[in-house]
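Data block below; observations after.
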Amino acid sequence: MAVHLIVGAGMVGSTTARLLATRGEHVRIVSRSGRGPIHARIERIAADATDADRLSELAQDATAVYNCLNPAYHRWLTDWPPMATALLTAAERSGAPLVIAGCLYGYGEVSGPMTEQTPLAATHPKLRMRADMWRDALAAQRAGRLRAVTEVRASDYLQAQSILTFFLGQPLLAGRRAIVPAPLDVPHTWTSINDVAAMLVTAATDERAWNRPWHVPSAAPKTIRQLATRFTELAGVPAPKLTSAPAPVFRAAGLFVPMLREFQTTAYQFARPFVMDSSAATTAFGLRPQPIDEALREAIALLRDAPSTSAAAPLAVA
């Protein structure tokens with residue numbers, strides 16, 4: 001029986017697993033703890049994502065191998081290399097296409113809208129690592145080691161694990177002032193996790209998508225102020241009270257909170273317009289972004305259902 005092997009049971013991996021299952025596909029989802037969505041067509045497996053032999057065993061009959069891992073940002077330099085190598089090895093041994101849930105870090109600082117042809121010019125070690133992961137996987141495919149590889153790149157998520165839910169969500173729902181480590185009126189692309197899942201499945205199953213990166217279809221850019229205003233309108237709470245905190249304040253806080261310290265690495269994404277052009281995927285596959293109001297309603301529901309875990313989730317920005 002053909003299955004889709006998803007490694008990583010966070011929001012992206014779990015949403016992708018559910019999407020496949022609702023389409024009648026069989027899924028194996030792997031995490032350290034064996035957690036994941038409960039569904040008759042989803043098999044939840046506990047395994048170490050750095051164990052290439054175990055992942056290769058699980059991938060033997062796979063339609064595709066999905067890298068949906070997201071280690072804590074402050075551990076990227078130590079955690080990503082063995083994970084990426086294990087996933088690449090599993091795809092190589094099984095002959096299954098490798099699909100990577102990627103981001104925009106590899107581009108580094110940009111001066112205009114990003115397309116899939118924008119150079120991967122990041123210089124910071126952690127950002128360059130994401131670019132190198134793609135380069136290594138594509139080189140393996142071109143050398144004949146992989147059947148196919150595709151990277152699906154998204155901007156900051158709307159529903160979870162982003163500046164929206166980490167800094168804005170809980171204060172806004174409680175009617176409190178939100179302190180944001182970024183300017184409030186700079187356009188920024190935001191991506192729905194549901195659209196990430198749809199693009200991952202397309203990249204895995206449509207050969208036209210193979211062996212190149214794709215940007216996830218995403219709604220028109222919005223500033224933090226615009227996003228916060230719509231968030232509060234949909235939540236039925238008071239209009240947002242926002243303060244853009246100076247960088248020194250967050251640098252000081254970063255001495256005690258690792259994720260705040262790490263955020264400084266990517267603060268450039270909010271200092272100037274950060275716009276992702278996703279028209280290529282829309283044109284090629286007819287995929288269109290989830291309406292932003294729907295995605296924000298999901299974010300609101302998630303925050304209200306599990307406020308403590310959502311607020312403390314690892315920050316994942318573009």
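If you read the sequence shown in full-length UniProt numbering, its first letter stands for residue 1, the second for the next number, and so on. All C-beta atoms, glycine included, are put in the ideal place defined by N, C-alpha and C.
Only counting the same chain, and skipping five residues up and downstream in sequence, which positions put a Cβ closer than 7 Å to that of V237?
The answer, listed in chain order, is L172, L173, G175.
Take A86 and list the residues in its own chain whose beta-carbon comes closer than 8 Å to its own, dropping the five residues that flank it on each side.
These residues qualify, in order along the chain: A49, T50, D51, A52, L55.
Can you look up I100 in the DSSP assignment and give me helix, strand or coil?
Strand at I100.
Return the chain-ordered ranges of every alpha helix (DSSP H) run that is complete within the region 3-84 and spans a minimum of 4 residues.
Whole alpha helix (DSSP H) segments, 4+ residues: 11-22, 52-58.
Mark H188 as exposed unless 16 or more other C-beta atoms lie within 10 angstroms of its C-beta, in which case mark it buried.
Answer is buried; the Cβ neighbour count reaches 16.
Are the CB atoms of R153 and L104 within a distance shorter than 8 Å?
Against a cut-off of 8 Å, the Cβ pair of R153 and L104 comes out as a contact.
Within the continuous beta strand (DSSP E) that includes K241, where are the two ends?
Start and end: 241-244.
Assuming A148 contacts W210 under a Cβ cut-off of 8 Å, what Cβ separation, rounded to an integer in Å, is found between them?
Confirmed, about 4 Å.
Can you say whether L98 is buried or exposed, counting buried as having 16 or more other CB atoms within 10 angstroms of its CB?
With 16 or more other Cβ atoms within 10 Å, it is buried.
Which of the three DSSP states, helix, strand or coil, is assigned to F167?
It is helical.
What do you get for P217, buried or exposed, if any count of 16 or more other CB atoms within 10 angstroms of its CB means buried?
Buried, by the Cβ-count rule.
Tell me whether the beta-carbon of S244 lies closer than 8 Å to the beta-carbon of L302.
The answer is no: Cβ separation not under 8 Å.
Please name the residue or residues paired with T118 in a DSSP beta bridge.
Beta-bridge pairing links T118 to no other residue.
Are the region 72-82 and the region 29-45 in contact at 8 Å, needing three or more beta carbon pairs?
Output reads no: the region 29-45 does not touch the region 72-82.
Comparing C-alpha positions only, which one of E207, H4, A121, D156 sits nearest to R23?
Closest option to R23, Cα to Cα, is H4.
Excluding sequence positions up to five away, which residues of its chain have a Cβ less than 7 Å from the Cβ of Y268?
E109.
For L77 and A90, what's the separation of their Cα atoms in angstroms?
Distance between the alpha carbons of L77 and A90: 21 Å.
Spatial neighbours of V30 within its chain, please: CB distance less than 6 Å, with the 5 preceding and 5 following residues excluded, ordered by chain position.
Within the same chain, V30 has close Cβ partners V7, I45, A47.
Would you list the residues sitting across from E151 in a DSSP beta bridge?
Paired residue(s): I100, P213.
Once you ignore the five residues that flank T229 on each side, which residues in its own chain have a CB closer than 8 Å to its CB?
Once the five neighbours on either side are set aside, the close Cβ partners of T229 are A239, P240.
Alpha carbon to alpha carbon, how far is Y66 from P291? Give it in angstroms, no decimals.
In a straight line, the C-alpha of P291 is about 25 Å away from that of Y66.
Relative to the C-alpha of R272, which candidate in L127, V186, R18 has its C-alpha closest?
Minimum Cα distance to R272 is reached at V186.
For T265 versus L120, is the C-beta distance shorter than 8 Å?
No, these two residues do not count as a Cβ contact at 8 Å.
Is W80 closer than 8 Å to G102 when the C-beta atoms are compared?
No, these two residues do not count as a Cβ contact at 8 Å.
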